[in-house]
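Q: Dropping a structure here in structure tokens format, bear with me for questions.
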Amino acid sequence: MRTVTLIGKPGCHLCEVARDVVIRVCDEVGARWEEKDINQDQELYRKYWEQIPVVLVDGEQHDFWRVDPERLRAALKA
266 MRTVTLIGKP
276 GCHLCEVARD
286 VVIRVCDEVG
296 ARWEEKDINQ
306 DQELYRKYWE
316 QIPVVLVDGE
326 QHDFWRVDPE
336 RLRAALKA
């Protein structure tokens with residue numbers, strides 16, 4: 266099963282939009298998803314603070330700022 270990780274922070278409008286896309290696409294293709302708060306992990310903060318929201322697919326960076334549902338769907342079906 267593929268896993269999508271959304272890295273963001275509370276109060277981030279783009280993170281909320283990205284969450285909606287991730288949930289919808291993961292439900293469609295049967296992928297698992299999780300969310301991580303950049304404020305709770307110093308390594309994630311150091312690595313991604315300028316890019317949130319960040320989406321990882323199976324641990325590899327897939328997208329940042331805006332999540333394209335078609336691109337995410339295609340990555341999960343590959």
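According to my numbering, the sequence shown is numbered sequentially starting from 266.
Using N, Cα and C, we set each Cβ at its ideal position, and we do this for glycine too.
Here the structure is a predicted model, which is why all the values come from computation and not from measurement.
Between Glu293 and chain D, is any beta-carbon pair separated by less than 9 Å?
A: Among the chains in the structure shown there is no chain D, since it carries only a single protein chain.
Q: Report the rounded CA-to-CA distance for Glu308 versus Glu293, giving the unit in angstroms.
A: Position 43 of the sequence shown holds residue 308. Position 28 of the sequence shown holds residue 293. So the alpha carbons of these two residues sit roughly 31 Å apart.
Q: Return the chain-ordered ranges of every alpha helix (DSSP H) run that is complete within the region 293 to 321 and spans a minimum of 4 residues.
A: Correct list: 307 to 313.
Q: Quick check: Trp298 and Leu271, are their CB atoms within less than 9 Å of each other?
A: Along the sequence shown, one-based indexing puts residue 298 at 33. Along the sequence shown, one-based indexing puts residue 271 at 6. A contact, by the Cβ cut-off of 9 Å.
Q: Can you name, in chain order, every residue of its own chain whose Cβ lies under 8 Å from the Cβ of Lys342, other than the five neighbours on each side?
A: Against the sequence shown, residue 342 aligns to sequence position 77. Only Val294 meet the Cβ criterion.
Q: Taking 8 Å as the limit between beta carbons, can you name the residues of its chain near Arg267, skipping five residues before and five after?
A: Residue 267 sits at position 2 when you count from the first residue of the sequence shown. Within the same chain, Arg267 has close Cβ partners Val294, Ala296, Arg297, Val322, Asp323, Leu341.
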